[in-house]
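Since the structure comes first, as structure tokens, the remarks are kept for the end.
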Ligand code: KIV
Ligand code: ZN
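Set out below in structure tokens:
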């Protein structure tokens, strides 16, 4: 089930969207993103994932860019991937020969058509451009290649000349004509207008290739489909030159939600996106639609309450549709519903009447944006139940520690014992050692530290830590006393655990 606005349905009524497919250019335009350099092994794994996903065409690279690239493309061409495999080529024979060398049956040729490119880059007239494009296509066709042709910078090309180009290249044998928005400047309704105009002269299917310079790549691609384009060029995770190309996952969902088209196996989107992020080293933004960490994360109390009753209140579709997970995040916006839900899912029993305390503790820990994960929640809940719930007899009033590299860690504490104020300083191997020694001096120097245990719950540098301290000799010399604390700061948590052990010892010693 996927939700779309009823207004979309009304606006898109009667549009013929049969035969719309995806042309994936992650291995070519995606690789042009700054900092991405893919090895043979990388590209083979990516191509295999794209084939499994079910894209119609994989643009495997730019064959003429070198021998290594040719080897990689040849390897991908021979992998038996269910998608068609093609290479990009400029409209020159040597580029098309490089594609033929890769044993490919499909070439994507291009030539710029906008006046700005003609004047400053190609230094050619419109007639020369048209003739070169036609020659290249005829050459490719004479070698048995299927041809897709792109008028580079189409969206800044004079409409009459663009129409002339479409007529010329389809007559020369291009089976698909792509309309690139090379610098991402068109607006969705203008895209609809442009495709509608071009359809008047274009008999072969049209594709679109939208860049995201203005954040409109996906919107422009969908607008083109609504106007009759039959293929959309995409890159996984929106990779591509500069700000990237239309994101595969967003276009795929847009096609499904608005037109009912399943252009790929949607359930494989999550895994494919993660694989390509790992291989390219480009992280997925937290707030990236469909595959970002936040796409199905709910934190605020009102939203979580809604989602737990019926996920559709705050989700356009279920995460399993695209192979990702929903998670209820516990943080400073959480409400009791989220906490209870997580505890139930974890099968942790926690008394309802103490829920406000637990919620307050979570909010306290979440100050500064920290999210509390399941393992941390269990430790916090457990610790709260373990606490005595009485006022401390030995109170920590002040605590400061000075540490660094090449300096002796020094701690100063002020405590009150039965109302009497005592201040002490001490040094130690590190800040924890110095702090515990300073507390001992202030409270009672007969205290011995029998055991100290530190556990970083999730292992991350922002993990909650749990400290257990076992002491002897504060007030009850015969037995050991245990103190535990949970917090974000190792030193402060160690101090809290030590104070808890001392207070437990005090209670027994004074009984
Ligand atoms: O952005 C562009 O115009 C391209 C062409 C090669 C299609 O990538
Ligand atoms: Zn491009």
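Residue numbers (my numbering): 31 to 541.
Here a beta-carbon is modelled for each residue, glycine too, at the ideal position from N, C-alpha and C.
For clarity, every value in this text was computed on a predicted model and none was experimentally measured.
For this session: For residue 162, I'd like the list of residues in its chain whose CB is within less than 7 Å of its CB, leaving aside the five on either flank, ordered along the chain.
Result: What you label residue 162 is simply residue 132 of the chain shown in a count that begins at 1. Apart from sequence neighbours up to five positions away, the residues of its chain that approach residue 162 with a beta-carbon distance below 7 Å are 121, 141, ordered along the chain.
Exercise. Along the chain, where does the beta strand (DSSP E) that runs through residue 471 open and close?
Worked result: Position 441 of the chain shown, counted from the first residue, corresponds to residue 471. Secondary structure note for residue 471: it is in no beta strand (DSSP E), and the uninterrupted alpha helix (DSSP H) holding it is 461-473.
Problem set entry | Length at least 3, wholly inside the stretch 72-126: the beta strand (DSSP E) runs in chain order | Correct list: 87-92, 114-120.
Exercise. Cβ of residue 264 within 8 Å of Cβ of residue 52?
Worked result: What you label residue 264 is simply residue 234 of the chain shown in a count that begins at 1. What you label residue 52 is simply residue 22 of the chain shown in a count that begins at 1. It is a contact, given that the beta carbons lie within the stated cut-off.
For this session: Kindly indicate which three-state DSSP category residue 260 falls into: helix, strand or coil?
Result: The residue you call residue 260 lines up with position 230 of the chain shown. Coil at residue 260, not helix or strand.
Problem set entry | Exposed unless 16 or more other CB atoms sit within 10 angstroms - verdict on residue 299 | As a working note, residue 299 is residue 269 in the chain shown. Per the 10 Å Cβ criterion, buried.
Problem set entry | Per-residue DSSP class, three states only, for residue 363 | Counting from one through the chain shown, the residue named residue 363 turns up at place 333. Three-state result, residue 363: coil.
Exercise. Is it a yes or a no for the stretch 184-195 touching the stretch 226-242, going by three-plus beta-carbon pairs under 8 Å?
Worked result: Touching, yes, given that three or more Cβ pairs across the two stretches are closer than 8 Å.
Problem set entry | Residue range of the unbroken beta strand (DSSP E) whose run includes residue 207 | The sequence position of residue 207 within the chain shown is 177, counting from 1. Start and end: 206-211.
Problem set entry | For residue 72 and residue 248, the rounded distance between their alpha carbons | The sequence position of residue 248 within the chain shown is 218, counting from 1. The sequence position of residue 72 within the chain shown is 42, counting from 1. Here the alpha carbon of residue 248 sits roughly 26 Å from the alpha carbon of residue 72.
For this session: Spell out a yes or no on whether the stretch 279-293 and the stretch 326-333 are touching, meaning 3 or more CB-CB pairs, one atom from each, closer than 8 Å.
Result: At 8 Å Cβ cutoff, the stretches do not touch.
Exercise. How would you label residue 125, buried or exposed, when you count the other beta carbons within 10 angstroms and need 16 or more for buried?
Worked result: On the chain shown, residue 125 is found 95 positions in, with the first residue counted as 1. Around the CB of residue 125, 16 or more other CB atoms lie within 10 Å, so the residue is classed as buried.
Exercise. Where do the N-terminal and C-terminal ends of the alpha helix (DSSP H) with residue 396 fall, by residue?
Worked result: The count along the chain shown starts at 1 and reaches residue 396 at position 366. Residue range 385-396 is occupied by the alpha helix (DSSP H) that includes residue 396.
Problem set entry | Nearest neighbour of residue 421, chosen from 524, 520, 132, 536 [CA to CA] | Numbered from its first residue, the chain shown carries residue 421 at position 391. Ranking 524, 520, 132, 536 by CA distance to the CA of residue 421 puts 536 first.
Exercise. Is DSSP giving residue 253 helix, strand or coil here?
Worked result: Counting from 1 along the chain shown, the entry for residue 253 is found at position 223. In the three-state DSSP reduction, residue 253 falls in the helix class (H, G or I).
Exercise. Counting along the chain, where does the beta strand (DSSP E) carrying residue 453 start and finish?
Worked result: Position 423 of the chain shown holds residue 453. Annotation: the continuous beta strand (DSSP E) that includes residue 453 extends over 450-458.
Problem set entry | Cβ-based burial, residue 288 [other Cβ within 10 Å; buried from 16] | Numbered from 1 along the chain shown, position 258 holds the residue referred to as residue 288. So residue 288 counts as buried.
For this session: Have a look at 355, 367, 65, 80 and flag the residue whose alpha-carbon is nearest the alpha-carbon of residue 305.
Result: By one-based count along the chain shown, residue 305 stands at place 275. Just measuring C-alpha positions, the residue of 355, 367, 65, 80 sitting nearest residue 305 is 80.
For this session: Report whether the distance from the Cβ of residue 78 to the nearest heavy atom of the ligand KIV is below 7 Å.
Result: Stepping through the chain shown from its first residue, residue 78 is reached at position 48. False, no ligand heavy atom lies under 7 Å from that Cβ.
Problem set entry | 4-residue-minimum alpha helix (DSSP H) runs that sit fully inside the stretch 394-446, ordered along the chain | If we require 4 residues or more, the alpha helix (DSSP H) runs fully inside the stretch 394-446 come out as 404-416.
Exercise. Can you tell me whether DSSP reads residue 271 as helix, strand or coil?
Worked result: The residue labelled residue 271 in the question sits at position 241 within the chain shown. Residue 271 falls in the coil class under three-state DSSP.
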